[in-house]
Amino acid sequence: MKQKSKIKVFLPDIIGAGYGHFWKSEKRYRVLKGGKGSKKSTTTALNYIYRLMKHPESNLLVVRAVFNTHKDSTYAQLKWAQEKLNVSHLWQNNVSPMEMTYKPTGQKILFRGFDDVLKLASTTVPKGYLCWVWVEEAFEIKSEADFDKLDLSVPRGNVPDGLFKQTTLTFNPWSAEHWLKKRFFDKPNDNVDTYTTNYTVNEFLDETDKMIFERMKQENPRKYDVAGLGNWGISEGLIYENWVVQDFDHNELGIGFDNTGAKVDESWQFNAFFGLDYGYTNDPTAFICIKANPITKELYIYDEHYGHKMLNSDIAEMIKRKGYAKERIRADAAEPKSNDDLRRLGIQRLQASVKGKDSVINGIMALQEYKMFVHPSCKNTIAELSSYCYKKDKQENGINEPEDSNNHLMDALRYAFYDVRFFKPVNPKERQRPTADEYYEMKHSITPNDMTGGWF
């Protein structure tokens with residue numbers, strides 16, 4: 006029988022420069038923050054495929070805040086890494102259940118989410134040792150306590166000579182207030198290797214990619230410092246501070262159990278609102294979906310869209326695809342032609358946002374009264390909330406006016422929030438016929454000309 010020839014690859018040509026120490030690190034924690042285009046996730050994926058094939062008793066657990074975000078991120082990156090290393094034929098990749106198996110030895114790559122903590126903590130492998138963990142987009146992990154639950158469970162036990170236990174965390178450093186900075190970066194620790202990387206070490210970027218960062222450097226230095234250079238985000242001057250990243254099912258908001266175990270349905274306290282801000286080449290089209298409870302002053306951001314060069318027909322199709330075509334959507338009043346186009350294309354309940362004197366400031370102040378919960382899948386909303394700041398004067402003192410940048414979804418959020426002020430939750434069990442004044446208000450809805458004072 007003819008023996009198959011070995012496939013040889015030259016790793017430096019595939020990996021590139023800038024990650025030598027990271028690649029070889031065997032510390033208990035390997036923590037990598039970086040800007041966009043820094044090849045941090047692709048390098049990590051390559052590193053793990055290489056390591057697993059080198060160490061026949063090793064296994065890997067890959068974790069994200071929400072399980073269903075793996076398919077288009079970590080799963081796709083690890084599959085790409087197999088192809089890049091010319092070893093795809095040695096791996097069996099399954100989506101359901103989501104796992105990867107190294108055929109010669111049976112080693113596993115398992116995928117889990119923090120949205121199923123019990124399954125996460127009980128993860129085991131049939132062969133070898135579950136010695137490595139990769140937490141991708143670790144910024145999405147809302148609390149250090151949640152991370153500790155994972156850290157105390159996996160990796161576990163003693164490992165033989167030649168293996169080592171390690172957890173790798175990769176993320177964009179959107180906020181300097183995040184627990185990741187305090188735990189891993191602020192205090193030197195012999196068990197931790199920390200790294201900061203950015204697009205300048207990515208030799209695989211072409212000139213058009215680099216031009217994006219150069220333009221960002223000139224037009225938006227604050228964003229460039231975080232998204233470009235991988236430095237920690239803003240720690241002061243943020244417009245919205247009362248928000249957290251948290252996994253939730255927006256369809257289950259308000260539904261719970263009382264102290265007797267009986268189901269309590271107070272979902273009537275929540276209503277859905279939608280906002281749209283137009284863009285095209287340089288600015289993105291931004292669409293946001295929220296649910297708000299004016300009784301508890303809680304606001305949940307559960308869906309978004311963020312895209313460039315979208316025609317109005319593309320926007321209409323996106324809204325239909327997401328299932329929001331019949332909802333009332335507040336869109337930028339400065340685009341009446343686009344608003345008319347979307348109505349013609351089937352988004353018939355679309356209404357223009359209401360603007361007036363001091364409308365932006367008034368809208369911000371109203372939103373600041375609410376505690377915001379952001380679903381981990383809304384990455385662009387998280388990025389904007391983490392960098393949306395007040396302007397500074399020549400003496401670097403803050404002034405009560407927002408920077409006109411990193412605000413496309415923030416504008417859409419204000420548009421959506423406009424209708425919250427008219428939402429008066431009424432318990433269906435207590436609903437009565439409207440009074441004459443209430444009936445008149447419903448019949449003669451308020452228009453922009455009726456508004457006094459600036460609102461949105």
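Be aware that the sequence shown starts at 6, since it is given in this note's numbering, and climbs by one per residue. Where a beta carbon is used, it is the ideal one built from N, C-alpha and C, also for glycine.
Report the option in the options whose CA atom is closest to the CA atom of residue i.
| i | options | result |
| --- | --- | --- |
| Ala86 | Gly266, Asp263, Thr47, Ile324 | Thr47 |
| Gln112 | Thr213, Tyr53, Ile387 | Tyr53 |
| Arg35 | Glu141, Leu258, Pro299 | Glu141 |
| Phe279 | Phe262, Met415, Val100 | Met415 |
| Ala357 | Asn99, Gly167, Glu340 | Glu340 |
| Asp346 | Lys325, Ile320, Ala371 | Ile320 |
| Val159 | Ile334, Phe116, Lys187 | Phe116 |
| Arg161 | Asn73, Leu65, Glu149, Tyr395 | Leu65 |
| Glu374 | Ile293, Arg348, Glu246 | Glu246 |
| Asn163 | Glu62, Thr110, Lys429 | Glu62 |
| Trp137 | Leu168, Asn317, Val122, Tyr420 | Leu168 |
| Val359 | Pro407, Asp282, Asn207 | Asp282 |
| Phe275 | Glu257, Asp288, Ala291 | Glu257 |
| Leu316 | Lys376, Ala291, Ala297 | Ala291 |
Please classify residue i as buried or exposed, where buried requires at least 16 neighbouring CB atoms within 10 angstroms.
| i | result |
| --- | --- |
| Val269 | exposed |
| Asp424 | buried |
| Glu224 | exposed |
| Asp214 | exposed |
| Ser392 | buried |
| Ala22 | exposed |
| Phe461 | In this prediction, Phe461 scores a pLDDT of 32, lower than 50, which makes its location untrustworthy; the coordinate-derived value is nonetheless stated afterwards. Under this definition Phe461 is a buried residue. |
| Gly42 | buried |
| Tyr285 | exposed |
| Ile404 | exposed |
| Asp18 | exposed |
| Lys362 | exposed |
| Ile114 | buried |
| Asp337 | buried |
| His313 | exposed |
| His26 | exposed |
| Gly261 | exposed |
| Gln82 | buried |
| Glu389 | buried |
| Leu16 | exposed |
| Lys59 | exposed |
| Asp198 | buried |
| Thr129 | exposed |
| His310 | buried |
| Gly351 | exposed |
Per DSSP, what are the beta-bridge partners of residue i in this structure?
| i | result |
| --- | --- |
| Gln97 | Thr106 |
| Gly403 | Lys397 |
| Ile324 | Its beta-bridge partners do not exist; DSSP assigns none. |
| Asn64 | Leu135 |
| Tyr285 | None, per the DSSP bridge assignment. |
| Asn298 | Glu303 |
| Asp291 | The question names Asp, but residue 291 is Ala in the sequence shown. Ala291 is bridged to Asp282, Tyr311. |
| Arg69 | Gly118 |
| Val431 | The partner list for Val431 (beta bridge, DSSP) is empty, contrary to what the question assumes. |
| Val231 | For Val231, which the question treats as bridged, DSSP gives no partner whatsoever. |
| Trp248 | Met377 |
| Gly261 | Val269 |
| Gln112 | Tyr107 |
Per DSSP, what kind of secondary structure is residue i in: helix, strand or coil?
| i | result |
| --- | --- |
| Gly266 | coil |
| Gly25 | helix |
| Arg117 | strand |
| Thr128 | coil |
| Arg161 | coil |
| Gln87 | helix |
| Glu374 | coil |
| Tyr200 | strand |
| Phe218 | helix |
| Glu141 | strand |
| Thr452 | Because the pLDDT of Thr452 is 42, which lies under 50, any placement of that residue in the model is unreliable, and the number read from its coordinates should be weighed accordingly. Three-state result, Thr452: coil. |
| Ala277 | strand |
| Gly242 | coil |
| Ile1 | In this structure the chain extends from 6 to 461, so residue 1 is not present and cannot be described. |
| Ser180 | coil |
Tell me which residue opens and which closes the beta strand (DSSP E) that residue i is part of.
| i | result |
| --- | --- |
| Trp273 | Note, Trp273: premise wrong, no beta strand (DSSP E); not H, not E. |
| Val36 | 34-39 |
| Asp424 | It is not in any beta strand (DSSP E) - Asp424 carries neither H nor E in the DSSP assignment. |
| Ala357 | 355-357 |
| Phe176 | 171-176 |
List the endpoints of the continuous alpha helix (DSSP H) containing residue i.
| i | result |
| --- | --- |
| Asp337 | Where Asp337 is concerned, there is no enclosing alpha helix (DSSP H), given that its DSSP letter is neither H nor E. |
| Tyr53 | 45-59 |
| Glu468 | As displayed, the chain neither begins before 6 nor continues past 461, which places residue 468 out of reach and without an answer. |
| Asn385 | 384-390 |
| Asp18 | 16-20 |
Are there any heavy atoms of the ligand ATP lying less than 7 Å away from the beta-carbon of residue i, as far as the coordinates show?
| i | result |
| --- | --- |
| Thr128 | The ligand content of the structure shown is nil, which means the ligand ATP is not present either. |
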